[in-house]
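Peer 1: Encoded as structure tokens, here's the structure I'll be asking about.
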Amino acid sequence: MAALSRWSASRVAYLASAVLSAAGLPLSIYLISPSNLPQFCEIGNTFSCESVIQSEYSRFMGIPLAAFGAMWFVVALALSIAALAELRVGLLLVSWSVLGVLGAFALLYIEVFLIGSICLLCTIAHAIGGGVFAVALLAYLWS
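This is the structure in structure tokens:
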């Protein structure tokens, strides 16, 4: 019975990882070339999506960083689905998620200390990535 519960818990966690990845993907795609940013994105100088998205730090080799975020969510979604299909990719998903969390911390550092402004939509994407990491780690530990 305990084995069945652990197996079921890991499947639920992998499903949560897939759902979070699927939720983060359209947000990252939107951030590649946003139009009509929501009003809550522009709250003075401290919170400004436009300042972050238009900054010199928003691209790497000419590619918007949000495009890398979208690619990250695609891979996380694929790995989550593979894990749901009982392929042994749990550790790979956890490793991929660690890279995402490290990237999110690096981007947060850039926002706070180099740009001096925080993009709330970017922060939501980072939080979703952190959620993917959390549930992927739980799923791996429970499997």
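Quick note: the sequence shown uses the numbering used here, first residue 982, plus one each step. Glycine residues also receive a C-beta, built at the ideal position from the N, C-alpha and C atoms.
Report the three-state DSSP secondary structure of Ser-1036 (helix, strand or coil).
Peer 2: If DSSP states are grouped into helix, strand and coil, Ser-1036 belongs with coil.
Peer 1: Among Ser-1016, Ile-1010 and Ile-1024, which has the Cα closest to the Cα of Ser-1052?
Peer 2: Reading off the sequence shown, one finds Met at residue 1052, where the question assumed Ser. Of the candidates Ser-1016, Ile-1010 and Ile-1024, the one whose C-alpha sits nearest the C-alpha of Met-1052 is Ile-1010.
Peer 1: Can you tell me whether DSSP reads Glu-1023 as helix, strand or coil?
Peer 2: Reduced to three states, the DSSP call for Glu-1023 is strand.
Peer 1: By the three-class DSSP mapping on this structure, what secondary structure does Pro-1007 have?
Peer 2: In the structure shown, Pro-1007 sits in a helix (DSSP, three-state: H, G or I).
Peer 1: Per DSSP, Ile-1099 is paired with what?
Peer 2: According to DSSP, Ile-1099 bridges with Phe-1028.
Peer 1: In terms of alpha-carbon separation, which member of Leu-1012, Leu-1119, Ala-1063 and Gly-1043 lies closest to Cys-1030?
Peer 2: Of Leu-1012, Leu-1119, Ala-1063 and Gly-1043, the residue nearest in Cα terms is Leu-1012.
Peer 1: Going by the DSSP bridge assignment, what does Pro-1045 pair with across the sheet?
Peer 2: Its beta-bridge partners are Arg-1040.
Peer 1: Looking at the unbroken alpha helix (DSSP H) that takes in Leu-1018, where does it start and where does it end?
Peer 2: Segment: none, Leu-1018 is in no alpha helix (DSSP H) and carries neither H nor E.
Peer 1: Got a sec, what are the start and stop residues for the alpha helix (DSSP H) Leu-1088 sits in?
Peer 2: Leu-1088 -> alpha helix (DSSP H) spans 1071-1090.
Peer 1: Helix, strand or coil: how does DSSP classify Ser-1124 here?
Peer 2: Ser-1124 falls in the coil class under three-state DSSP.
Peer 1: Tell me the DSSP secondary structure of Leu-1068 in three-state form.
Peer 2: Here Leu-1068 sits in coil by DSSP.
Peer 1: Less than 6 Å between C-beta atoms, sequence neighbours within five positions excluded: which residues of the same chain meet that for Cys-1100?
Peer 2: If we look at Cys-1100 and ignore the five residues flanking it on each side, its Cβ neighbours are Cys-1030 and Val-1033.
Peer 1: Once the 5 residues before and after Gly-1110 are set aside, which same chain residues still bring their CB inside 6 Å of it?
Peer 2: Correct list, in chain order: Gly-1081 and Ala-1085.
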